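K.L.:
At position 92 of the sequence shown (counting the first as 1) the number is 92 in UniProt numbering, and the numbers step up by one without a gap.
Cβ atoms here follow ideal geometry from the backbone N, Cα and C, with glycine treated the same way.
Nothing here was measured: the structure is a model prediction, and the numbers come from that model.
Dropping the structure in here first, questions after.
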Amino acid sequence: MPTPSMEDYIEQIYILIDQKGYARASDIAERLSVHPSSVTKMVKKLDEKDYLHYEKYRGIVLTDKGTKIGKRLVYRHELLEQFLEIIGTEEDSIYEEVEGIEHHLSWESIFRIGDLVEYFQEDPERLNALQKVQERNSNKE
Ligand SMILES: [Mn+2]
1 MPTPSMEDYI
11 EQIYILIDQK
21 GYARASDIAE
31 RLSVHPSSVT
41 KMVKKLDEKD
51 YLHYEKYRGI
61 VLTDKGTKIG
71 KRLVYRHELL
81 EQFLEIIGTE
91 EDSIYEEVEG
101 IEHHLSWESI
111 FRIGDLVEYF
121 QEDPERLNAL
131 QKVQERNSNK
141 E
């Protein structure tokens with residue numbers, strides 16, 4: 001199992017490769033707000049654990065294992081954003097809050113949150129009903 005920090009790297013590398021076709025150390029550093037030397041260190045570690053390989057001309061390449069995990073991490077992030085949106089979290093803080101909680105839930109809970117998100121997406125009436133409760137309570141706050 002990757003550590004939270006490793007998960008952050010794999011997630012961002014997956015997104016970069018998906019969007020641009022490659023993941024440069026400088027881009028990873030920027031996305032994670034870390035020093036490029038930290039990226040070099042972590043890339044080495046992820047290489048040792050077989051999540052990625054460093055190839056001379058292609059640069060950072062995710063292994064099958066790394067790609068599979070990257071895909072799941074992106075799914076988890078997007079799901080938690082949808083979840084916070086449903087429960088009415090302020091739009092501006094959704095990204096940061098997901099970054100804070102995403103590593104600390106079991107996959108079992110993630111899948112159950114997936115059920116809940118589906119439950120609300122399946123029928124707009126359910127979302128309306130929840131929003132009524134939210135409005136009622138926001139008047140009390
Ligand atoms: Mn994330």
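Could you name the residues of the same chain whose beta carbon sits closer than 8 Å to that of GLN131, not counting the 5 residues immediately before and after it, in chain order?
P.N.:
In the sequence shown, counting from the first residue as 1, residue 131 sits at position 131. So the list reads GLY88, once near-sequence residues are dropped.
K.L.:
Should HIS104 be counted as a contact of ligand 1 given a C-beta to heavy atom distance under 7 Å?
P.N.:
Counting from one through the sequence shown, the residue named residue 104 turns up at place 104. Not under cutoff, so the answer is no.
K.L.:
The beta strand (DSSP E) with ILE60 in it runs from where to where?
P.N.:
In the sequence shown, counting from the first residue as 1, residue 60 sits at position 60. ILE60 -> beta strand (DSSP E) spans 59–62.
K.L.:
Taking the continuous beta strand (DSSP E) assigned at LEU54, which residues delimit it?
P.N.:
For the purposes of this step, residue 54 is taken as residue 54 along the sequence shown, with counting starting at 1. A small correction: the amino acid at residue 54 is Tyr; Leu does not occupy that position in the sequence shown. It spans 52–55 - the beta strand (DSSP E) in which TYR54 sits, taken as one unbroken run.
K.L.:
Measuring alpha carbon to alpha carbon, tell me which of TYR14, VAL74, ARG126 ends up nearest THR63.
P.N.:
Start at 1 with the first residue of the sequence shown, and residue 63 comes out as number 63. That would be TYR14, whose Cα lies nearest to the Cα of THR63.
K.L.:
Flag this pair as yes or no: are the beta carbons of GLU11 and LEU73 separated by less than 8 Å?
P.N.:
As a first step, residue 11 is located in the sequence shown; it is residue number 11 there, counting from the start. As a first step, residue 73 is located in the sequence shown; it is residue number 73 there, counting from the start. Yes, these two residues count as a Cβ contact at 8 Å.
K.L.:
Quick one, which of ILE110, SER26, GLY66 has its alpha-carbon nearest GLU78's?
P.N.:
Numbered from its first residue, the sequence shown carries residue 78 at position 78. Measuring from the Cα of GLU78, the nearest candidate turns out to be ILE110.
K.L.:
Do LYS65 and ASP47 have their C-beta atoms within less than 8 Å of each other?
P.N.:
For the purposes of this step, residue 65 is taken as residue 65 along the sequence shown, with counting starting at 1. For the purposes of this step, residue 47 is taken as residue 47 along the sequence shown, with counting starting at 1. Taking 8 Å as the Cβ cut-off, LYS65 and ASP47 do not qualify as a contacting pair.
K.L.:
Quick one: is VAL43 buried, meaning 16 or more other Cβ sit within 10 Å of its Cβ, or exposed?
P.N.:
Mapped onto the sequence shown, residue 43 falls at position 43. VAL43 comes out buried.
K.L.:
Kindly examine ligand 1 and report whether one of its heavy atoms sits closer than 7 Å to the Cβ of VAL34.
P.N.:
Position 34 of the sequence shown, counted from the first residue, corresponds to residue 34. No heavy atom of ligand 1 is found nearer than 7 Å to the CB of VAL34.
K.L.:
If I follow the unbroken alpha helix (DSSP H) through ASP8, where does it start and stop?
P.N.:
Mapped onto the sequence shown, residue 8 falls at position 8. Run containing ASP8: 4–20, per the alpha helix (DSSP H) assignment.
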